[in-house]
Amino acid sequence: MHEQPPPSATPLPSLRLTARQAISAITDSYTEFTPTTDPPSVSPPTNGPLGWDGYDASRERARARTGEEESVLTALATIGGTEAVVLSFEFGFLGGSLGERTGDRLEAAYTTARERRLPLVSLIATGGSRMQEGMRALSQLQRVAGQSALNRAAGLPQIAVVRDPTTGGGWATLGAGADVILALPKAQVGFAGSRVRPPDADPTAYSAEGQFAAGQVDAVVPADELRATLQRWLRLLADTPRPPSTPPGPAPPPSALGTTDMPESGWAAVLRARDTNRPRAESYLRAYFDDWEELSGDRCGGRDPGMRCGFGHRDGRTIAFAAQCGTATRPSGFRTATRLIRLADRLGIPVLTLVDTPGAANDADAERAGAGAAIADTFAALASARVPVTSLLIGEGGSGGALALAAPGRLWATPDSYFSVIAPEMAAAILKRDTGEIQHTADQLRIRPQDLLELGIIRGIVTAEADRR
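For the sequence shown, the numbering used here gives the first residue as 626, with consecutive numbering after it.
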């Protein structure tokens, strides 16, 4: 590979980099490649497949202006020492539009990634399909989707960087179809381009920030942080030296960070778990991982700040995590956790879940957002995962909303936690008991960690790190 010098100055996010500038900005070195195709036996049709008047002249002007033969470049690259296939769009070439020859190059990129078992990084800046090639251009989206599916089935990660603009079919395939989506600030991102939206449309909905708020983008990354962010993601997702057919070892359960003595009563267990000073997910993630990156959003229009999902490094290997943060989990939180579990399963990465919720959100908005279906899908993802899933109850275990994140047969608990079929207050209300019987009801439910162990619900009660030595 030939070495590319680092950019002399970090480009501003508002600037549209050329395809080569974008590649140079994130890679240590790269070597371009193009698909090897036999020369056509007959001359290509004048002005493209539709005979679009002036199309050849438009292509020639684009070549003269950009120095490129097509709207996308493909390369083998190293990013922070990790090998990857990189494709980069040249917006100056007919608006980065996708035509048949673009499809040839994209297929070559996906194929090379499969042949070399490498992650694929897409640096996208496109207005969509090329009108001058009509349906022959639009059909390239099916081609891209098919290639992406093959790489997904091969267990190879796909990371998209959406630049300005990323619209139309490029967003609906290469962008939104990636495993991890990073966006540059202020980038225009959306299926509808600026000239085809309703005149009264809210422009925020078509921005990187708007798409992040709607759960469609994992992070908005400043240009000067993009290179380092990609390096971390590639180290996390491409670090799979074992054969794909060999299941990974399970993630060890974290050590307890809070109190280590057992609660004397069921109500004491409830009060401990509800204590605002009890260690929460953030503390457990910091103690457990050396570093991590997070996914955000359910790709269905929602984000739940009470569900943290991502991938982290611990003792030299990658572990995925889905962590409840002590709030009522919303449908978007369950869908984000399901997305995380299925991605980790496909990549062969073990999963850790941290269970901590008073229960699933049950307000009218949650019902309209499909709470039942979202919870059911999380149950299904855990039940069908081929990789081992380790779960730790670190606080409140409220009914099915908590159980959905608890791995069957691989659940541990901390001493300051409880798990219950229903909150003691609700149980007393359903049984028509007065408030004075809530504490007695908590005891009857047998929700303490030691009760859960005796009942066979958990595998064990974790201790503090010092106690394990």
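Backbone N, C-alpha and C define an ideal beta-carbon position, used for all residues, glycine too.
Below 6 Å CB to CB, which residues in the same chain sit around residue i once its five sequence neighbours on both sides are set aside?
i: Thr751; result: Phe714, Gly721, Gly795
i: Glu693; result: Glu715, Phe718
i: Pro790; result: Gln813
i: Glu708; result: Leu743
i: Leu1036; result: Ser1016, Ile1083
i: Gly995; result: Pro956
i: Ala838; result: none
Excluding sequence positions up to five away, which residues of its chain have a Cβ less than 7 Å from the Cβ of residue i?
i: Arg777; result: Arg971
i: Pro810; result: Pro638, Ala833, Val845, Pro847
i: Glu919; result: Arg933, Cys934, Gly935
i: Arg686; result: none
Among the options, whose alpha-carbon lies nearest the alpha-carbon of residue i?
i: Glu725; options: Pro660, Arg1073, Ala969, Pro872; result: Pro660
i: Arg897; options: Arg857, Gly951, Leu862; result: Gly951
i: Arg822; options: Val805, Thr792, Asp804; result: Thr792
i: Gly780; options: Asp1076, Ile749, Ile648, Pro744; result: Pro744
i: Arg768; options: Asp1076, Arg730, Gly1025, Ile749; result: Arg730
i: Ala616; options: Leu723, Asp789, Ala1027; result: Because the chain is modelled from 626 through 1094, residue 616 falls outside the range shown and cannot be assessed.
i: Ser1030; options: Leu979, Gly874, Asp990; result: Note on identity: in this sequence residue 1030 is Leu, with Ser being the wrong assignment. Nearest option by C-alpha distance: Leu979.
i: Ala1006; options: Leu1028, Met756, Pro873, Pro879; result: Leu1028
i: Ser908; options: Trp892, Ala948, Phe658; result: Ala948
i: Trp858; options: Thr1060, Pro879, Thr643, Ile651; result: Ile651
i: Pro740; options: Val710, Glu758, Gly802; result: The sequence given here places Glu at residue 740; Pro does not occur at that position. Comparing Cα positions, the closest option is Val710.
i: Met760; options: Ala830, Trp677, Asp940; result: Trp677
i: Ala1008; options: Arg993, Pro1033, Gly1025; result: Pro1033
i: Thr643; options: Gly1085, Ser696, Arg942, Gly706; result: Ser696
i: Thr871; options: Tyr831, Leu910, Asp940, Ile974; result: Ile974
i: Gly706; options: Ala733, Arg1058, Ala853; result: Ala853
i: Pro873; options: Pro879, Ala830, Thr943, Tyr831; result: Thr943
i: Phe658; options: Ala830, Glu732, Asn902, Glu992; result: Glu732
i: Pro878; options: Leu910, Thr671, Ala838, Ala682; result: Leu910
Please list, in chain order, all residues of the same chain as residue i whose beta carbon is under 8 Å from its beta carbon, the five residues on each side excluded.
i: Ser890; result: Gln1064, Ala1067, Asp1068, Arg1073
i: Gly840; result: Ser921, Gly922, Asp923, Arg924, Cys925, Gly926, Gly927, Arg928, Ser957, Thr961
i: Ser666; result: Reliability of the predicted coordinates at Ser666 is poor, the pLDDT of 45 falling under 50, and the value obtained from them is presented with this limitation in mind. The answer is none, since no qualifying residue turns up.
i: Val842; result: Val787, Ile806, Leu807, Ala808, Val814, Ala833, Gln836, Ser921, Gly922
i: Met626; result: Below a pLDDT of 50, predicted positions are generally treated as unreliable, and Met626, at 33, falls in that range; the measurement from the model is reported next regardless. So the qualifying residues of the chain are Ser654, Tyr655, Thr656, Leu701, Ala702, Thr703.
i: Asn1102; result: As shown, the chain starts at 626 and ends at 1094. That puts residue 1102 outside it, with no answer to give.
i: Gly1025; result: Gly984, Ala985, Ile1000
Straight-line CA distance for residue i to residue j?
i: Pro1013; j: Ala876; result: 8 Å
i: Ala1010; j: Gly1081; result: 22 Å
i: Ala774; j: Gln646; result: 29 Å
i: Gly771; j: Pro904; result: 45 Å
i: Leu766; j: Gly883; result: 52 Å
i: Leu861; j: Thr699; result: 23 Å
i: Thr963; j: Val976; result: 11 Å
i: Ile1083; j: Ala1038; result: 7 Å
i: Tyr735; j: Ala1089; result: 46 Å
i: Asp653; j: Gln856; result: 10 Å
i: Asp900; j: Asp886; result: 15 Å
i: Glu1062; j: Asp1041; result: 22 Å
i: Gly728; j: Thr798; result: 12 Å
i: Gly753; j: Tyr1043; result: 52 Å
i: Ser1016; j: Gln783; result: 27 Å
i: Gln1075; j: Val895; result: 13 Å
i: Leu712; j: Ala945; result: 27 Å
i: Asp804; j: Pro674; result: 34 Å
i: Val1087; j: His938; result: 21 Å
i: Tyr680; j: Thr737; result: 30 Å
i: Thr656; j: Ala969; result: 30 Å
i: Arg684; j: Ser764; result: 20 Å
i: Thr691; j: Ser819; result: 23 Å
i: Phe816; j: Arg688; result: 27 Å
i: Thr1060; j: Gly800; result: 54 Å
i: Ala785; j: Leu748; result: 6 Å
i: Asp990; j: Ile966; result: 25 Å
i: Ala863; j: Ser649; result: 21 Å
i: Leu701; j: Val746; result: 10 Å
i: Leu1078; j: Gly1085; result: 6 Å
i: Glu992; j: Phe1004; result: 18 Å
i: Gly802; j: Arg1058; result: 52 Å
i: Ala893; j: Ser880; result: 21 Å
Would you say residue i reaches chain C, if we count a Cβ-Cβ gap shorter than 9 Å as a contact?
i: Ala1006; result: The structure shown contains no chain C; it is built from a single protein chain.
| query | Going along the chain, which unbroken runs of the beta strand (DSSP E) with 3 or more residues stay wholly within the region 963-1030? | reply | 976-982, 1014-1023
| request: Taking 8 Å as the threshold, find out whether the region 1016-1026 comes into contact with the region 971-986 through three or more Cβ pairs. | output: yes
| At least 3 beta-carbon pairs within less than 8 Å: the region 991-1008 vs the region 949-956 | yes
| Validate contact between the region 908-928 and the region 1045-1060 using beta carbons, cut 8 Å, 3 pairs | Not touching, per the Cβ criterion.
| field | Sufficient close CB pairs (3 or more, under 8 Å) joining the region 817-831 to the region 848-859 | value | no
| query | Within the chosen definition, does the region 929-937 reach the region 1042-1051 through at least 3 CB pairs nearer than 8 Å? | reply | no
| Along the chain, which unbroken stretches of the beta strand (DSSP E) at least 3 residues long are found entirely within the region 650-705? | 654-657, 697-704
| task | Counting only runs of 4+ residues fully inside the region 906-969, write out the alpha helix (DSSP H) ranges in chain order. | result | 906-913
| request: Note down, one range per segment and in chain order, each alpha helix (DSSP H) of at least 4 residues found wholly within the region 1026-1067. | output: 1049-1055
| said: My parser needs the alpha helix (DSSP H) runs of 4 or more residues fully inside the region 729-784; what are they? | reply: 759-763, 765-778
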